[in-house]
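One structure below.
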Amino acid sequence: MSEDVAKLPVEGKSKIPSFGLEEIESPPLSLRQLTWRRFRRHRMAIFGVIVLGLLILYSFAGTIFFTEESANRTDTALRLNPPSSAHPFGTDTIGRDILARTIYGGQISIVIGLTAVMLEVSVGILIGALAGYYGGVTDSLLMRFTEAMLNIPQIFLLLVMAKYFGDLIPNLQVFGRTFSGSVVVIIMIIGLTSWPYLSRIVRAEFLSLKENEFVLAARATGTPISQIIFRHILPNSIAPIVVSATLGVANAITLEAYISFLGMGVRPPTATWGNMLDGAYNYIEQAYWMWLFPGLLIVLIVLSINFVGDGLRDALDPRSRAV
Amino acid sequence: MTRYIIRRFLQAIPLLFIISIVLFVLMQKMGDPIATMGGRTQTRSADRERLTRVLGLDKPIFVQYLYWLVGNDWAKIDLDGDGITETSGTRKGVLRGDFGTSLVNRGVPVTTVIAQRLPNTLILMLTAEFVIVAGALVVGVYSALKQYSLLDHTITTISFIGFSMPIFFIALSTMYIFAVNFKKWGLPYLPTVGMFDPIEGKTLLQVLWHMVLPVFSIAFISLAAYSRFIRSTMLEVLNQDYIRTAKSKGLPRKEVIFIHALKNASLPIVTIVGLDLPLLLGGAIVTERIFAWPGMGRLFLDHVSRSDTPVVMGIMMLIATAVVVFQIITDVIYAWLDPRIRYT
Numbered sequence: 001m002s003e004d005v006a007k008l009p010v011e012g013k014s015k016i017p018s019f020g021l022e023e024i025e026s027p028p029l030s031l032r033q034l035t036w037r038r039f040r041r042h043r044m045a046i047f048g049v050i051v052l053g054l055l056i057l058y059s060f061a062g063t064i065f066f067t068e069e070s071a072n073r074t075d076t077a078l079r080l081n082p083p084s085s086a087h088p089f090g091t092d093t094i095g096r097d098i099l100a101r102t103i104y105g106g107q108i109s110i111v112i113g114l115t116a117v118m119l120e121v122s123v124g125i126l127i128g129a130l131a132g133y134y135g136g137v138t139d140s141l142l143m144r145f146t147e148a149m150l151n152i153p154q155i156f157l158l159l160v161m162a163k164y165f166g167d168l169i170p171n172l173q174v175f176g177r178t179f180s181g182s183v184v185v186i187i188m189i190i191g192l193t194s195w196p197y198l199s200r201i202v203r204a205e206f207l208s209l210k211e212n213e214f215v216l217a218a219r220a221t222g223t224p225i226s227q228i229i230f231r232h233i234l235p236n237s238i239a240p241i242v243v244s245a246t247l248g249v250a251n252a253i254t255l256e257a258y259i260s261f262l263g264m265g266v267r268p269p270t271a272t273w274g275n276m277l278d279g280a281y282n283y284i285e286q287a288y289w290m291w292l293f294p295g296l297l298i299v300l301i302v303l304s305i306n307f308v309g310d311g312l313r314d315a316l317d318p319r320s321r322a323v
Numbered sequence: 001m002t003r004y005i006i007r008r009f010l011q012a013i014p015l016l017f018i019i020s021i022v023l024f025v026l027m028q029k030m031g032d033p034i035a036t037m038g039g040r041t042q043t044r045s046a047d048r049e050r051l052t053r054v055l056g057l058d059k060p061i062f063v064q065y066l067y068w069l070v071g072n073d074w075a076k077i078d079l080d081g082d083g084i085t086e087t088s089g090t091r092k093g094v095l096r097g098d099f100g101t102s103l104v105n106r107g108v109p110v111t112t113v114i115a116q117r118l119p120n121t122l123i124l125m126l127t128a129e130f131v132i133v134a135g136a137l138v139v140g141v142y143s144a145l146k147q148y149s150l151l152d153h154t155i156t157t158i159s160f161i162g163f164s165m166p167i168f169f170i171a172l173s174t175m176y177i178f179a180v181n182f183k184k185w186g187l188p189y190l191p192t193v194g195m196f197d198p199i200e201g202k203t204l205l206q207v208l209w210h211m212v213l214p215v216f217s218i219a220f221i222s223l224a225a226y227s228r229f230i231r232s233t234m235l236e237v238l239n240q241d242y243i244r245t246a247k248s249k250g251l252p253r254k255e256v257i258f259i260h261a262l263k264n265a266s267l268p269i270v271t272i273v274g275l276d277l278p279l280l281l282g283g284a285i286v287t288e289r290i291f292a293w294p295g296m297g298r299l300f301l302d303h304v305s306r307s308d309t310p311v312v313m314g315i316m317m318l319i320a321t322a323v324v325v326f327q328i329i330t331d332v333i334y335a336w337l338d339p340r341i342r343y344t
């Protein structure tokens, strides 16, 4: 990074000699440097990054201290034990240790958030780019479909789809661990219902960018359309996509929590922060620890991701003049 | 303007068709609708064959969709399975206002099932919406007037937290504080379950008392989003030239803020309220589940889990239609309120 900065002004000097401009003009910054400079001024965003880092550390480094067996071990003699030194977060209705479950549940929640957004972004970019680039009939067909998806409230659609894809996928073995197939289902349905908003953003970007001269030049030199879309136009519209994807992770984690909370999401024994809350309200008088800890973790991760997204939005805003 | 409204409604028709087709396809694998039909015992296989024919589930999906859409009273169906179509159908189809009958509550029309629950949801959600708009106006205007003050920063932080909070967390926390702990401390505590105490009966006071916690939970989260929005539109308006003019000609501060500024700042609120209103019909699924409120959200959950496709389809079409219609109404009202906007 520092080498880049050091090199650039040398080039600048050789082009503009003897005006002393090199002292006034700061070296041109790349988009990444500019974004980082603005981002780091955003105090809440930095706070968000730190909390997010700690949460990721918590759920991935926690595996060193707790095995997955300890997270899934049931012992009805220990049911609904309040927080103690043996079980710092208490135990749930069938005696599983909540601390260990929040660690393993965190992994699943984070993985669901990230992969669902990857799916969302892929579908959203594809549909938005095709609609925006081709226009005409393609555009109106794709946009009618997008609009139809937007007009069905997402939580209703998710519940129906959770039921639809219910037992489609068997349990998976990854890294010697067993994951409930419902994890894949949840990732899929969250990804497949979240894209419409993003694809509208991408379409709007493409509509304006495709009128630029560099697109005309690319077309004139016979560049294949897929390259024009993905190598020429897409990198120019990356800023709003990054912001929307970041906020999308928080949204996906919340949605997973909602569906699992309603008992239609990820199935036990695989823990997520959402399904740990399922049924917790039945024990609200006896066991506050059942909902407090997973609930707090969800609030923390969503809050920190939202802060990061907000910071990125300000940092990537092309109209912003602040350096 | 009339032409614009007509055009928008004409555009809405194909949109609703696409939505209904997407939903209808999704309904196909919602589970086996005749597994128990809401009863406790399994349906016998002889009954199963007959029911499949009665419900038209043996037909290809596009025929099923057609029957759902326009009914089957014009067609003959084969009820006894001998290959001869002799009985005429009884369904009228959605286009004639017949959404079919519920499978779980056998024979009860979907419209009746929904109509029983809709008022409960509307009581809850309209109250919440009223609290949200009123509260957001107060909070938003105040923090815009006192921009960058300590209170403004506090409000911004709280609203950011509220915005990020899943509704079940706020619902469970308030339940824990105001119901569980208040009971423990011997204070008057709030009820957490249902619409009214069965002993007291369904009186206005009871319903209001039971509404406090659910309304608070719904309102807290949206209040955060709304007040942030109002704050930013208010700040934008306060920087306009006509506000400076109003101030410089010596109008009282109250008049400038509430008549000149707020009137214009509240215009964009029409949009978000208009887009949120149709979603109220669906109720807050999670909130209704936690507080056992007998509304649309719980109706939806119960019938999804028991594969009652006609009811689920009916609820989702109702909401989707409301969303489409309210979008048009919102655009029209906006143009009517803001003379700068002209649709052609």
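As they're listed, the protein sequences go chains A and B. The numbering of the first sequence is the working numbering, which starts it at 1 and goes up by one. The numbering of the second sequence is the working numbering, which starts it at 1 and goes up by one. A virtual CB, placed ideally from N, CA and C, is assigned to each residue, including glycine.
DSSP, read as helix, strand or coil, puts residue 234(A) in helix. By the rule that beta-carbons nearer than 8 Å mark a contact, residue 113(B) does not touch chain A.
For residue 178(A), the enclosing beta strand (DSSP E) stretches over residues 177–179. Exclusion of the five residues before and after residue 51(A) leaves 300 and 304 as the residues of its chain whose Cβ lies within less than 7 Å of its Cβ. For residue 240(B), no beta strand (DSSP E) run applies, since DSSP gives it neither H nor E. Comparing alpha-carbon positions, the option among 286(A), 39(A) and 131(A) lying closest to residue 203(A) turns out to be 131(A). Residue 163(A) places its beta carbon less than 8 Å from that of residue 30(B). Straight across, the Cα-Cα distance linking residue 74(A) with residue 105(A) is about 16 Å. Measuring C-alpha to C-alpha distances from residue 269(A) to each of 53(A), 179(A) and 197(A) identifies 179(A) as the nearest. For residue 100(B) and residue 286(A), the gap between their C-alpha atoms comes out near 44 Å. Under the Cβ distance rule, residue 323(B) counts among the residues neighbouring chain A, one pair being separated by less than 8 Å. Separation of the CB atoms of residue 249(A) and residue 117(A) is rounded to 5 Å, and the pair is thereby assigned contact status at 8 Å. In the DSSP assignment, residue 173(A) is bridged to 178(A). Within a 10 Å sphere around the beta-carbon of residue 281(A) sit 16 or more other beta-carbons, which makes this residue buried. Cβ proximity to chain A below 9 Å picks out 307, 312, 315, 316, 319 and 320 from the segment 306–320 of chain B. For the segment 140–169 of chain B, residues whose beta-carbon sits nearer than 9 Å to a beta-carbon of chain A comprise 157, 160, 161, 163, 164, 165, 166, 167, 168 and 169. Residue-level contact by beta carbon holds for residue 254(A) and chain B, with a gap shorter than 8 Å. Straight across, the Cα-Cα distance linking residue 333(B) with residue 8(B) is about 14 Å. At least 8 Å separates the CB of residue 230(B) from every CB of chain A. Residue-level contact check: residue 155(A) touches chain B, since one or more beta carbons of chain B fall below 8 Å from its beta carbon. Taking the beta carbon of residue 176(B) as reference, the chain A residues within 7 Å of it are 284 and 288, listed in sequence order.
Close to residue 212(A), with beta-carbon spacing below 8 Å, lies no residue of chain B; the smallest spacing is near 29 Å.
When DSSP states are grouped into helix, strand and coil, residue 77(B) belongs to the strand group. Segment contact: the segment 105–122 of chain B against the segment 295–309 of chain B, three or more CB-CB distances shorter than 8 Å; contact assigned. Under the Cβ criterion of 8 Å, residue 285(B) is counted among the residues facing chain A. The beta-carbon separation of residue 76(A) and residue 95(A), rounded to 5 Å, stays under the 8 Å limit for a contact.
Those residues of the segment 5–25 of chain B placed with their C-beta closer than 8 Å to a C-beta in chain A are 14, 15, 18, 19, 22 and 23, ordered along the chain.
Excluding the 5 residues flanking it on each side, residue 177(A) has same chain C-beta neighbours closer than 7 Å at 68, in chain order. In the structure shown, residue 87(B) adopts extended strand secondary structure according to DSSP, grouped into three states. In this structure, DSSP gives residue 221(A) a state outside helix and strand, which the three-state scheme calls coil. For residue 122(B), the enclosing alpha helix (DSSP H) covers residues 110–145. Interface annotation for the segment 178–200 of chain B against chain A: 180, criterion Cβ-Cβ distance under 7 Å. When the beta-carbon positions are compared, residue 31(A) and residue 286(B) stay at least 8 Å from each other. The beta carbon of residue 148(A) falls within 8 Å of a beta carbon belonging to chain B, placing the residue at that interface. Considering only 173(B), 250(B) and 65(B), the residue with the shortest C-alpha distance to residue 213(B) is 173(B). Here residue 270(A) carries a coil assignment [DSSP, helix/strand/coil].
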